[in-house]
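Below: one structure, written as C-alpha cells.
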Amino acid sequence: MPEATKIDKGETSNNWDAKQFAIRYGFLIVMAALYLLFSILEPAFLTWSNQFSILLGIAIYGILALGVTFTLVVDGLDLSIGSVAALSVMISSYCMVVLEQGAVISVIICLLLGALVGLLNGLLIVKMKIPDLLTTLGMMFLIQGLQLIPSAGRTISEGMLMEDGEEAMGFFDPSFLYLGQGRLFGVIPIPVIVMLVIALLVYIVLDHTRWGRVMYAIGGNPEATRLAGAPVNLYRIMAYVISGTIASIGGVLLVARVGVGDITSGTGLLLDAVGAALIGFAVFGVRRPNPFGTLIGAIFIGVLLSGLTMLSLPYYTQDFIKGGVLVLSLMFTFALAKRS
C-alpha cells in the first residue's frame with residue numbers, strides 16, 4: 004500500500020511539473036514552432052535582413068502596446084492609442100510642412116497632445132465614473148475626426164497645394180526623418196532602439212519602483228490599495244497619461260518613417276498593439292501585464308505576419324489566421340493556469 008501511495012504521489016508530482024512547464028514556456032514553444040515552420044517552408048525567413056525587417060515592422064505598434072500595458076496594469080484598457088498615434092502623424096506633419104515649424108517644436112506639441120488626451124481619458128474614467136472601454140472608444144472616434152480638420156481630410160506632403168491654391172513651403176527636417184529611417188551603425192533601425200529603450204524604462208518603473216508596485220496593487224485590488232493610503236485615482240489617471248504620451252511617440256516615429264502625413268496611418272495599430280499587450284499575460288505564465296511579455300507578444304505578431312506574407316497567403320486571410328493563433332495560444336495558457 005505505501006508503495007502504491009508513493010507511485011501516485013510521484014505521478015502527481017510529474018504531472019504538476021509538466022503542467023507548470025507548459026504554463027511557463029508553452030507560448031514560447033508555440034513561437035519557436037512558428038519560426039521553425041516558416042524557416043522550413045521559406046528559407047529566406049531566417050535571414051538577418053528579414054529579422055530586422057520584422058523588428059522594424061513591429062516597432063510602432065510595439066511602442067503603443069507598451070503604453071497599453073500601463074493601463075492594463077491598473078485594470079483598465081486604452082482603445083484610443085491608435086487614434087492618438089494618427090493624430091501625432093497629422094499634427095507633426097502640419098506643423099513642419101504647413102506652419103514651417105522645426106522638428107523639436109513639432110515633436111513637443113505631439114507629446115503634449117498625447118498627454119492631454121491621456122489626461123482627459125483618465126479624468127473621465129476616474130471622476131465621471133465612465134467605463135474605460137466606453138471612454139477611450141469615444142475618444143478614439145473624436146480624435147479620428149479631429150485629425151482630419153487641419154488638412155481638410157488630405158494627406159500632408161512636401162510641396163502640397165493648400166486650399167487657397169498656394170504651395171506649402173515647409174519640409175520634413177532630415178534629422179526628424181532620421182528618427183524613422185536611420186539605422187545605428189547602418190544596421191539597427193532607430194525605431195527598434197526607441198522601442199527597446201521604452202520597454203526597458205517601463206520594466207524599471209513597473210518592476211523596480213514603489214510606483215510600479217502600487218500600480219500592480221491597484222490592478223489587483225483597488226479598494227485594499229486605497230485603504231492602505233495610496234492615491235488610487237491619481238495613479239489610474241497617470242497610467243492613461245503615460246499611455247497617451249507613449250502613443251504619440253509611436254505616431255512621431257511613424258511619420259518620420261514614411262515621410263508623409265497619411266490620414267490612414269493609424270489603421271490597424273490598435274488591434275496589433277492590444278493583441279501584443281494581452282499576449283504578455285501568457286508569456287512565462289505570469290497572468291498579468293508586463294513589458295517583457297508585451298515585447299514578446301509584439302514579436303510574435305510580427306513573426307506571424309512576416310511568415311504569412313513570405314508564403315504569399317492572400318492578405319484577407321492574414322487577420323483571420325493571426326486572430327485564431329492568438330486566441331488558441333491564450334486559451335491554452337490560461338486554461339492550464341486555471342487548472343493549476
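Following the working numbering from start to finish, the sequence shown increments by one per residue and tops out at 343.
Backbone N, C-alpha and C fix where the C-beta goes; we use that ideal spot for every residue, glycine too.
Three-state secondary structure assigned by DSSP to residue i
i, result
"residue 134", "coil"
"residue 186", "strand"
"residue 4", "Unreliable placement is indicated for residue 4, whose pLDDT of 48 sits below 50; the coordinate value is still reported in the next sentence. It is coil, neither helix nor strand."
"residue 30", "helix"
"residue 223", "helix"
"residue 236", "helix"
"residue 102", "coil"
"residue 322", "helix"
"residue 148", "helix"
"residue 70", "helix"
"residue 50", "coil"
"residue 82", "coil"
"residue 24", "helix"
For residue i: DSSP bridge partner residues
i, result
"residue 1", "Examination of residue 1 is not possible in this model, given that the chain is present from 4 through 343 alone."
"residue 164", "170"
"residue 128", "Answer is none; residue 128 lacks a bridge partner."
"residue 192", "186"
Selected residue, minimal CA-CA separation from residue i, among the options
i, options, result
"residue 273", "89, 316 and 183", "89"
"residue 62", "290, 312 and 275", "275"
"residue 41", "254, 312, 210 and 107", "312"
"residue 193", "60, 82, 24 and 92", "60"
"residue 296", "68, 306, 23 and 196", "68"
"residue 99", "263, 143 and 287", "263"
"residue 129", "334, 104 and 238", "238"
"residue 152", "191, 113 and 97", "97"
"residue 147", "159, 84, 112 and 105", "84"
"residue 103", "46, 331, 175 and 126", "175"
"residue 223", "208, 257 and 292", "292"
"residue 180", "271, 27, 258 and 282", "258"
"residue 115", "132, 221, 133 and 95", "95"
C-alpha gap between residue i and residue j, whole angstroms
i, j, result
"residue 204", "residue 164", "42 Å"
"residue 200", "residue 323", "32 Å"
"residue 171", "residue 101", "5 Å"
"residue 77", "residue 57", "30 Å"
"residue 92", "residue 268", "7 Å"
"residue 255", "residue 309", "24 Å"
"residue 48", "residue 37", "11 Å"
"residue 122", "residue 142", "11 Å"
"residue 305", "residue 230", "42 Å"
"residue 319", "residue 150", "27 Å"
"residue 302", "residue 189", "22 Å"
"residue 82", "residue 72", "12 Å"
"residue 248", "residue 287", "28 Å"
"residue 105", "residue 144", "29 Å"
"residue 31", "residue 215", "26 Å"
Classification of residue i by the beta-carbon crowding that lies within 10 angstroms, buried from 16 upward
i, result
"residue 421", "No answer is possible for residue 421: it lies beyond the span of the chain, which begins at 4 and ends at 343."
"residue 227", "exposed"
"residue 51", "exposed"
"residue 285", "buried"
"residue 34", "buried"
"residue 202", "buried"
"residue 117", "buried"
"residue 294", "buried"
"residue 108", "exposed"
"residue 246", "buried"
"residue 220", "buried"
Check: residue i C-beta below 8 Å from any heavy atom of the ligand FMN
i, result
"residue 248", "For the structure depicted, the ligand FMN is absent and the ligand set is empty, with no information on it obtainable."
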